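> Got a structure for you, written out below as structure tokens; questions coming shortly.
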Amino acid sequence: MGSLTDTLDTATDKERQETEKVKKPALEAPAEASFSVRNIELGDSKDKVEKLAGGAKRHTRNEYGVEWYAYHEHYQNFFMVAYDTNNQVVGLYTNQDLISSKQGIKRGTPKADVAEKLGKPITKLLKGNVYYQIKSDGEYEMFEMDQSYVTIFYDKHEKNTVTSIQIINADLEKQKSGYFAAASPELKQGFEYQLFDLTNAARVNHDLSVLTWDKRVKVTAQDHSKDMAVNQYFNHTNLEGESPFDRMEDDNIKFRMAGENLAAGQNSSIFAHEGLMNSIGHRENKLQKDFQSLGVGVAFDQEQKPYYTENYLRK
428 MGSLTDTLDT
438 ATDKERQETE
448 KVKKPALEAP
458 AEASFSVRNI
468 ELGDSKDKVE
478 KLAGGAKRHT
488 RNEYGVEWYA
498 YHEHYQNFFM
508 VAYDTNNQVV
518 GLYTNQDLIS
528 SKQGIKRGTP
538 KADVAEKLGK
548 PITKLLKGNV
558 YYQIKSDGEY
568 EMFEMDQSYV
578 TIFYDKHEKN
588 TVTSIQIINA
598 DLEKQKSGYF
608 AAASPELKQG
618 FEYQLFDLTN
628 AARVNHDLSV
638 LTWDKRVKVT
648 AQDHSKDMAV
658 NQYFNHTNLE
668 GESPFDRMED
678 DNIKFRMAGE
688 NLAAGQNSSI
698 FAHEGLMNSI
708 GHRENKLQKD
718 FQSLGVGVAF
728 DQEQKPYYTE
738 NYLRK
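Take the position in the sequence shown, starting the count at 1, then add 427; the result is the number in the numbering used here.
Here it is, written out as structure tokens:
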């Protein structure tokens, strides 16, 4: 991973966009599963989800070959849901205070308490005929329960407490045959928009303004991801010696302040985002109060490995 920021000017707090607070739903302990997100469990219907949360703001392809439906109110009460062909919930994710569990685990629960309540996480995952080791550096743990795989992510910069959760139906997980999903234009676009949404949801957690999507700097980010994937390197400086800010200027993008985050090798937008949030330089870009817009570009190499570039701007 890599992060870089260049500042030509800064904004005042008065210039920041203010978003009206939305009431958080009352959370209840799940009825059947160990965990729920916004009072929704695996197996619930799409009708139930949308009666609770309204219609999705966006739906994009994920690494499981289905869509993540993103629900939020100006990125407050943000969560994502995946459905099967019968419109039943087979995947859930949130990085906001919408987690409830029978064990009392929620956002902000210390990692040590999770271990006490859930025991040891799994250390490997079978894909086809190959076991993949789960190497998380302590940033997340995966548990097998309730015919699902529950990944709990921790925030190293908030005393190793629970920051988010992903719950995937076991059959959906098992139908994904390799570590990396097959590359496609739909998956590329999905990862890009998901990283954008995840970043805004994280900013709202920290009482920061929501970023707008910048389609011009998205092209700059996309070109750099593709260049790294094709030429097999990982660096802010490309093989021609250009910095991110050189590349933006080459694309006639004017800015007073800019930043770039890079990630590679994470098998999804969620794992890329969570990893970036645990790396202080990247976290500072994601949570920089003066940034106004973001463009994300993703590319895959011949091994289906994703390269992620996030370019942040204040114009």
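Glycine included, C-beta positions come from ideal geometry on N, C-alpha and C. Keep in mind that this is a model prediction, so the values were computed, not measured.
Check L638 in the structure and name its three-state DSSP category.
coil
> For G702, report the span of its alpha helix (DSSP H) as first-last.
696-704
> Is the distance from the Cβ of F618 to the Cβ of Y735 below 8 Å?
Contact: yes.
> What whole-angstrom Cβ distance do S575 and Y520 have, given they're in contact under 8 Å?
So it is not a contact: roughly 12 Å between Cβ atoms.
> Mapping the DSSP letters down to three states, classify S372 as helix, strand or coil.
Lying before the first or after the last residue shown, residue 372 is absent from the chain, which here runs from 428 to 742.
> Once the 5 residues before and after S463 are set aside, which same chain residues still bring their CB inside 6 Å of it?
P457, S527
> Going by DSSP, name the residue or residues bridged to M572.
S575
> L469 and I594: beta carbons closer than 8 Å?
Yes, they are a contact pair.
> Is it the case that the Cβ atoms of M675 and T647 are separated by a distance below 8 Å?
yes
> Alpha carbon to alpha carbon, what distance is there between N504 and R643?
Going by the C-alpha atoms only, they are around 29 Å apart.
> Across the stretch 662-671 and the stretch 710-719, are there enough close Cβ pairs to call them in contact, namely three or more that are closer than 8 Å?
They do not touch, by the three-pair rule.
> Does DSSP put D474 in a helix, in a strand, or in coil?
helix
> Just verifying my parser: in three-state terms, what is the DSSP assignment at F506?
strand
> Is it the case that the Cβ atoms of V517 and D471 are separated by a distance below 8 Å?
no
> Buried or exposed: I549, going by 16 or more other Cβ atoms within 10 Å of its Cβ?
exposed
> Could you tell me if K441 is buried or exposed, where buried requires 16 or more neighbouring beta carbons within 10 angstroms of its beta carbon?
For K441, the pLDDT reaches just 41, beneath the cut-off of 50, and the residue's location in the model is therefore unreliable, although a value from the coordinates is still provided. Exposed.
> For S670, which residues from the same chain have a beta carbon less than 7 Å from its beta carbon, with the 5 sequence-adjacent residues on both sides left out?
Sequence-distant Cβ neighbours of S670 in its own chain, meaning closer than 7 Å and more than five residues away, are H663, T664.
> Within its chain, find whatever has a CB closer than 8 Å to the CB of S604; leave out the 5 residues flanking it on each side and keep chain order.
If we look at S604 and ignore the five residues flanking it on each side, its Cβ neighbours are K554, G555.
> Which class does L435 belong to by DSSP, given the choice of helix, strand or coil?
Any reading at L435 is ruled out, since the residue's pLDDT is 46, under 50, leaving its predicted position unreliable.
> Output the boundary residues of the beta strand (DSSP E) element that contains F727.
720-727
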